[in-house]
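Quick note on this note's numbering: the sequence shown kicks off at 20 and runs consecutively.
By construction, the Cβ of each residue, glycine as well, lies at the ideal position given by its N, Cα and C atoms.
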Amino acid sequence: MEALEVLFFLGIRVGLAYCVGLMGKKRKIGFGWAFALSVLWLIVGFIIVLCSKKNDDVEFVENIK
């Protein structure tokens with residue numbers, strides 16, 4: 020593989036990880052952890068973000084106590 024191809028696929032991977040990070044922004048996991056997990060393992064990071072609780076659910080539970 021040429022260096023340009025490697026940079027192209029790396030850019031796509033980071034772009035997809037950024038999208039997963041944006042999904043994690045409104046969840047308990049947060050942008051940073053979602054992005055970091057997605058850079059390492061894209062599918063695993065995506066699944067973890069989907070399994071993470073939404074911030075709305077977390078605030079509601081905290082207000083009950």
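| Check | Outcome |
| --- | --- |
| Can you tell me whether K72 is helix, strand or coil according to DSSP? | coil |
| Can you tell me whether I28 is buried or exposed? The criterion is at least 16 other CB atoms within 10 Å of its CB, across all chains shown. | Per the sequence shown, residue 28 should be read as Phe rather than Ile. It is exposed - the Cβ of F28 has fewer than 16 other Cβ atoms within 10 Å. |
| Let me make sure I understand the geometry here. Which of W60, G43, S57 has the alpha-carbon closest to that of K73? | G43 |
| Would you tell me roughly how many angstroms separate the C-alpha atoms of L23 and D75, rounded to the nearest one? | 43 Å |
| Measuring straight from C-alpha to C-alpha, what distance separates R46 and S71? | 6 Å |
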